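A.B. asks: Residues 0 to 308, numbered by numbering that gives the first Met the number 0, are exactly what the sequence shown covers, in order.
Yeah, the Cβ is synthetic: ideal placement off N, Cα and C, and Gly gets one too.
All of these numbers come straight from a predicted model, not from anything done at the bench.
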Amino acid sequence: MPEKASDSETTARPVVSGLSRRARIMRRLTFIVPVTILSLMIIMAIFADLAWLGLPDVGLAPYDPVKMSLPDRLMPPFWDEEGSTEHLLGTDKMGRDILSRLIFGARISLSVSLLVILITSFVGTVLGILGGYLGGRTEAFLMRITDISLAFPPILVAMLLAVSMGPSFVTVVLAISLLGWAAYARLIRGETLRLRQMDFVAQARIIGASPLRIMLRHIFPNVINPLIIIMTLQIGLLIITEASLSFLGVGIPPPAPSWGNMINDGRNLVDTAWWISTFPGIAIALVVMSGNFFGDWLRDKLDPRLRQL
0 MPEKASDSET
10 TARPVVSGLS
20 RRARIMRRLT
30 FIVPVTILSL
40 MIIMAIFADL
50 AWLGLPDVGL
60 APYDPVKMSL
70 PDRLMPPFWD
80 EEGSTEHLLG
90 TDKMGRDILS
100 RLIFGARISL
110 SVSLLVILIT
120 SFVGTVLGIL
130 GGYLGGRTEA
140 FLMRITDISL
150 AFPPILVAML
160 LAVSMGPSFV
170 TVVLAISLLG
180 WAAYARLIRG
190 ETLRLRQMDF
200 VAQARIIGAS
210 PLRIMLRHIF
220 PNVINPLIII
230 MTLQIGLLII
240 TEASLSFLGV
250 GIPPPAPSWG
260 NMINDGRNLV
270 DTAWWISTFP
280 GIAIALVVMS
290 GNFFGDWLRD
300 KLDPRLRQL
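Laid out in structure tokens, this is it:
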């Protein structure tokens, strides 16, 4: 007859099951929560107003984000005794509605992030595949340019561009894109070095495929997964960079409702009007953490070496 399980074995099973259940719940939360927050940001950016559809007075934002109302200046959030439901998150020193500026700030942050990601991922992927596959002097030349780009801080470049071009939306996109491609190039180059040693690439060479065809048909499809992962992880970094540039006065020029501008507007009023800087700071923190968590989840799903059964 089979021996009866010991007490220690009997008590160990529910613990393992409980840990497994909690792990599954945490994996789901690391997907659901970030996607929900990022989706809200996208919705706010798209539907802040519907002027692009010919409906200028319709949108999520209750007020014009740049319209000043001095009688309503420095109004606290609605739950404060001096607050009002007309301005749920209060107003700034110019009487502008904080909630409306937060909603429109999402549009600016998302626009900057998407444009920069499109530019940097394209340039970095092309240079990374060229350097990794061709090798030799081409690789050495491209990687030295990449190393030089990584050595320069984007904030310094943005300041130089702001002096020559003036602070603007275009300046922010150019400043971040000018150096942001280097991270993509280094990652894609490493993946290309690994892929060019694979049998399917060798077979493509044997049948006479040109280097361009091999890079487009065999190398590029196999670097899409790591490319998507780094693009996702870059969302948070780009939002922080844009907010930092706006905070320093070399990014989005006021009175545009950038989250960085909002923090800058309230930095001298933290003791008396804390809500001016606090709410955009919370928005930045939530979006950055959501981008990082979603990027980690995506990496686990797309990388077979990290995929959990």
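Would you tell me roughly how many angstroms separate the C-alpha atoms of residue 226 and residue 187, rounded to the nearest one?
C.D. replies: The residue you call residue 226 lines up with position 227 of the sequence shown. The residue you call residue 187 lines up with position 188 of the sequence shown. Distance between the alpha carbons of residue 226 and residue 187: 7 Å.
A.B. asks: Using only CA atoms, which one of 175, 100, 39 lies nearest to residue 122?
C.D. replies: Mapped onto the sequence shown, residue 122 falls at position 123. It is 175.
A.B. asks: So, helix, strand or coil for residue 209, using DSSP?
C.D. replies: For this step, residue 209 is matched to residue 210 along the sequence shown. Here residue 209 sits in coil by DSSP.
A.B. asks: Can you find the residues in the same chain that come closer than 8 Å, C-beta to C-beta, to residue 15, ignoring five residues on each side of it along the sequence?
C.D. replies: On the sequence shown, residue 15 is found 16 positions in, with the first residue counted as 1. Note that residue 15 scores 40 on pLDDT, short of 50, meaning its location in the model is unreliable; the coordinates nonetheless yield the value given after this. No residues qualify anywhere along the chain.
A.B. asks: Buried or exposed for residue 310, going by 16 or more other Cβ atoms inside 10 Å?
C.D. replies: Residue 310 is absent from the model: the chain starts at 0 and stops at 308.
A.B. asks: Measure the alpha-carbon distance for residue 307 versus residue 299 and round it to whole angstroms.
C.D. replies: Numbered from 1 along the sequence shown, position 308 holds the residue referred to as residue 307. Numbered from 1 along the sequence shown, position 300 holds the residue referred to as residue 299. Model confidence at residue 307 stands at a pLDDT of 48, short of 50, so the residue's coordinates are unreliable; what they give is reported in the following sentence. Rounded to whole angstroms, residue 307 and residue 299 show a C-alpha spacing of 7 Å.
A.B. asks: Could you say which of 31, 45, 131, 273 lies nearest to residue 190 if we only look at CA atoms?
C.D. replies: As a position in the sequence shown, residue 190 is number 191, starting the count at 1. The shortest C-alpha separation from residue 190 is found at 131.
A.B. asks: Please say whether residue 238 and residue 108 have beta carbons closer to each other than 7 Å?
C.D. replies: Indexing the sequence shown from 1 puts residue 108 at position 109. Indexing the sequence shown from 1 puts residue 238 at position 239. Result yes, Cβ atoms of residue 108 and residue 238 sit closer than 7 Å.
A.B. asks: Taking 7 Å as the cut-off, decide whether the C-beta atoms of residue 74 and residue 89 are in contact.
C.D. replies: The sequence position of residue 74 within the sequence shown is 75, counting from 1. The sequence position of residue 89 within the sequence shown is 90, counting from 1. Their beta carbons are under 7 Å apart, which means residue 74 touches residue 89 by this criterion.
A.B. asks: In angstroms, rounded to a whole number, what distance separates the CA positions of residue 84 and residue 169?
C.D. replies: What you label residue 84 is simply residue 85 of the sequence shown in a count that begins at 1. What you label residue 169 is simply residue 170 of the sequence shown in a count that begins at 1. The alpha-carbon of residue 84 is positioned some 36 Å away from that of residue 169.
A.B. asks: Would you say residue 71 and residue 94 are within 7 Å of each other, going by their C-beta atoms?
C.D. replies: Along the sequence shown, one-based indexing puts residue 71 at 72. Along the sequence shown, one-based indexing puts residue 94 at 95. Taking 7 Å as the Cβ cut-off, residue 71 and residue 94 qualify as a contacting pair.
A.B. asks: Would residue 161 and residue 249 be called neighbours here (beta carbons separated by less than 7 Å)?
C.D. replies: Your numbering for residue 161 matches position 162 in the sequence shown. Your numbering for residue 249 matches position 250 in the sequence shown. The Cβ atoms of residue 161 and residue 249 sit closer than 7 Å to each other.
A.B. asks: Taking 7 Å as the limit between beta carbons, can you name the residues of its chain near residue 119, skipping five residues before and five after?
C.D. replies: Taking the sequence shown and counting its residues from 1, the one referred to as residue 119 is at position 120. Same-chain partners within the cutoff: 176, 179, 180, 183.
A.B. asks: Where residue 116 and residue 81 are concerned, what is the direct C-alpha to C-alpha distance, given to the nearest angstrom?
C.D. replies: Counted from its first residue, the sequence shown places residue 116 at position 117. Counted from its first residue, the sequence shown places residue 81 at position 82. Roughly 43 Å separates the two Cα atoms.
A.B. asks: Whole angstroms is fine: what's the gap from residue 79's alpha carbon to residue 158's?
C.D. replies: On the sequence shown, residue 79 is found 80 positions in, with the first residue counted as 1. On the sequence shown, residue 158 is found 159 positions in, with the first residue counted as 1. Taking the straight line from one Cα to the other gives about 39 Å.
A.B. asks: For residue 96, list the residues DSSP reports as bridge partners.
C.D. replies: Position 97 of the sequence shown, counting from 1, holds the residue named residue 96. DSSP links residue 96 through a beta bridge to 90.
A.B. asks: Ordered along the chain, which non-local residues of its own chain (more than five positions away) have a Cβ less than 6 Å from that of residue 235?
C.D. replies: In the sequence shown, residue 235 corresponds to position 236, counting from 1. Here the set comprises 287, 290, 291.
A.B. asks: Which residues bound the alpha helix (DSSP H) around residue 62?
C.D. replies: Position 63 of the sequence shown, counting from 1, holds the residue named residue 62. Counting along the chain, residue 62 falls outside any alpha helix (DSSP H), and DSSP gives it neither H nor E.
A.B. asks: Might you give, ordered along the chain, the residues of its own chain that have their beta carbon closer than 7 Å to the beta carbon of residue 129, omitting 5 neighbours on each side?
C.D. replies: In the sequence shown, residue 129 corresponds to position 130, counting from 1. 137, 141, listed in sequence order.
A.B. asks: What does DSSP give as the partner residue(s) for residue 83 in the beta ladder?
C.D. replies: Counting from one through the sequence shown, the residue named residue 83 turns up at place 84. DSSP, once it has assigned bridges, lists 86 as partnering residue 83.
A.B. asks: Quick check on DSSP: helix, strand or coil for residue 222?
C.D. replies: For the purposes of this step, residue 222 is identified with residue 223 of the sequence shown, where counting begins at 1. Assigned with DSSP and collapsed to three states, residue 222 falls in coil, not helix or strand.
A.B. asks: Can you check the segment 158-210 for any alpha helix (DSSP H) of at least 4 residues that lies completely inside it and give the ranges in chain order?
C.D. replies: 168-194, 198-205
A.B. asks: Count the other CB atoms within 10 Å of the CB of residue 151; is the residue buried (16 or more) or exposed (fewer)?
C.D. replies: Counting from 1 along the sequence shown, the entry for residue 151 is found at position 152. Residue 151 is exposed by the Cβ-count criterion.
A.B. asks: How is residue 273 classed by DSSP in three states: helix, strand or coil?
C.D. replies: Against the sequence shown, residue 273 aligns to sequence position 274. In the structure shown, residue 273 sits in coil (DSSP, three-state: anything other than H, G, I, E or B).
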